[in-house]
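Taking it in order: structure first as structure tokens, then the write-up.
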Amino acid sequence: MKRVNGENMELKKVHSLIDKVYHTTNLEMAWKQVRSNKGAGGVDKISIKAYEEKAGANLESLRNELRENRYEPKPVRRVYIEKHGNAQEKRPLGIPTIHDRVCQQALKNRLEPIMEPHFNDCSYGYRQGRSPHMAMRDIWRNIQDGYEWILDADLKDYFGSVNHELLIDLIARKVSDGRVPKLIRSMLKAGYVEEGNLFTSKTGTPQGSVISPLLSNIYLTPFDNVMTSKGYRLTRFADDWVVACKSKQEAQEALKAAQVILGKLGLRLHPEKTRITHVKWGFEFLGYKIKQGKGHDMDADKRKTKGNQKNLYALPRDKSIQRFKGEIRKRTKRKVPLTMKELIDEINPIITGWGNYYRKAHVRRLFNQLDRWIIRRLWSHRYKKWRNCGWKKYPVKGLYLEYGLVNMVRMIPGIQ
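The opening position of the sequence shown corresponds to residue 116 in my numbering, with each subsequent residue numbered one higher.
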């Protein structure tokens, strides 16, 4: 789809959609997706397993409810989880019922292909074929091109501030089937239950719902289009975004422009977490710290044909490293009654997931340190103390070859 000044060219509106949402094949596909994602039940206390026992009847019931225009979503069950990097601060998470999750997934399956062509190229979050690493490469290229001043922004209570009617209007511009906006409105207005009390939802979308990421991209697309049409190099992943600029003055102008368009959307920048910085001082994005400097592990750039002209490096944030080590510590406590093989099977998925996310950064030195630290944790678990002779019974080579421990350094591309 061609774009003009950051705007998508006009596409035909979709006139009939709800019948495709409740189509039997789509509902069955949605149920399989919800089941594979697992997760807890909602306010009705029906689990994935319980829903599966009567899946055929449940899907037929949902189909009839949507077809006869009598579907009514239940309020989400609100829980609080720790914010990444801040154990003292909690963020709300809304857990829909399994029945409502299937409905949301069915709607997402049909609505996403319609909205996707209208999304801006600067948006990378929760879109098929796009990833955090692609967003990082976009920022990296901008800095290499001389855009070294960074507007590092944070939205204040984004998921709690979305204007329902404005969001529905944005969808209605592309979908003329009035039953779809009505369905979405019912999802947004369902409210939430906390400590046994029911609360209404006048604004916002619940974090944790299946369709929230798609609604987030729809709602922020006008912001993307205005910023890119003004020539700003915006990179956005969900509600996390930065603008790379040539000068401090340009960054200040980008900040003012962002405040104007976000204000029209009913959104605000977080005054304490929004800043203008230069790459030589560094900034954080998507769990990485990006900075300009020398003397760091540059293996990632040595593997490239093009040199790193700006002496840039990227590392995992300190908070991310500590969070990773905390997960390993929790599973390797000395009182955990597991054999060495069971213990390694327990921690390998954590090592693999975290390592794969950061393996293309400048992490050879860090990964080497973490490999040795993990081995010491394993020895300590078996011998109930930090200083021990674990290497005699469980030599390093044996842990990797015999027990299958994941080696983080070996995960780095080009290091075989």
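Where a beta carbon is used, it is the ideal one built from N, C-alpha and C, also for glycine.
Residue i versus residue j - alpha carbon distance
| i | j | result |
| --- | --- | --- |
| ASP355 | GLU517 | 42 angstroms |
| TYR262 | ASP284 | 35 angstroms |
| GLY529 | LYS345 | 40 angstroms |
| THR454 | ARG497 | 8 angstroms |
| TRP146 | VAL277 | 28 angstroms |
| ASN483 | LYS153 | 34 angstroms |
| GLU231 | GLN219 | 17 angstroms |
| LEU382 | ASN184 | 33 angstroms |
| ASP253 | HIS393 | 17 angstroms |
| ASP260 | ALA250 | 16 angstroms |
| SER331 | ASN340 | 15 angstroms |
| GLU310 | ASN173 | 28 angstroms |
| LYS395 | SER362 | 13 angstroms |
| MET378 | ASN224 | The sequence given here places Gly at residue 378; Met does not occur at that position. Straight-line Cα distance between these residues: approximately 31 angstroms. |
| VAL521 | PRO207 | 34 angstroms |
| ALA268 | LYS388 | 7 angstroms |
| ARG245 | LYS508 | 45 angstroms |
Those residues which DSSP pairs with residue i across a bridge
| i | result |
| --- | --- |
| CYS360 | TRP264 |
| LYS425 | LYS425 pairs with nothing; no bridge assigned. |
| LEU208 | VAL194 |
| LYS406 | TYR428 |
| SER495 | Note: SER495 sits in no beta bridge, so no partner. |
| LEU384 | LEU270 |
| ASP355 | ASP269, PHE352 |
| VAL290 | VAL129 |
| PHE398 | ILE405 |
| SER238 | ARG351 |
Candidates the options: closest to residue i by CA position
| i | options | result |
| --- | --- | --- |
| GLY56 | ILE443, PRO228, VAL194, LEU142 | The chain is shown from 116 up to 531; residue 56 falls before or after that span and cannot be answered. |
| TYR273 | GLY319, VAL325, PRO296, LEU313 | GLY319 |
| GLY240 | THR350, GLY513, TYR509 | THR350 |
| LEU380 | LEU282, VAL295, LYS445, ARG390 | LEU282 |
| LYS304 | GLU167, PRO211, ILE163 | PRO211 |
| HIS138 | ILE161, VAL158, SER131, ARG178 | ARG178 |
| MET526 | LEU370, SER495, LEU132, LYS475 | LYS475 |
| ARG182 | VAL295, TYR347, ALA353, THR343 | VAL295 |
| GLN374 | LYS271, ASP134, ASP236 | LYS271 |
| THR467 | GLU167, ILE443, TRP506 | ILE443 |
| TYR473 | GLY505, ALA429, ASN503, GLN437 | ALA429 |
Boundaries of the alpha helix (DSSP H) in which residue i is found, first to last residue
| i | result |
| --- | --- |
| TYR472 | 455 to 473 |
| HIS393 | Run containing HIS393: none in the alpha helix (DSSP H); it sits in the beta strand (DSSP E), 390 to 393. |
| TYR347 | No alpha helix (DSSP H) contains TYR347, which DSSP labels as neither H nor E. |
| VAL524 | No alpha helix (DSSP H) contains VAL524, which DSSP labels as neither H nor E. |
| GLN243 | GLN243 -> no alpha helix (DSSP H), and no H or E assigned at all. |
| ASN152 | 139 to 152 |
Cβ shell of residue i (< 6 angstroms), same chain only, five flanking positions each side left out
| i | result |
| --- | --- |
| ARG432 | GLU399, GLY402, LYS404 |
| PHE439 | TRP469 |
| LEU329 | LYS223, GLU227 |
Spatial neighbours of residue i in its chain, beta-carbon cut-off 7 angstroms, leaving aside the 5 residues before and after
| i | result |
| --- | --- |
| PRO321 | VAL191, GLY209, TYR307, SER327 |
| ILE490 | VAL511, LEU514 |
| VAL524 | ARG479, PHE482, ASN483, ASP486, ILE530 |
Residue range of the unbroken beta strand (DSSP E) whose run includes residue i
| i | result |
| --- | --- |
| ASN257 | Per DSSP, ASN257 belongs to no beta strand (DSSP E); it is in the alpha helix (DSSP H), 247 to 259. |
| GLU309 | 307 to 309 |
| LEU313 | 312 to 314 |
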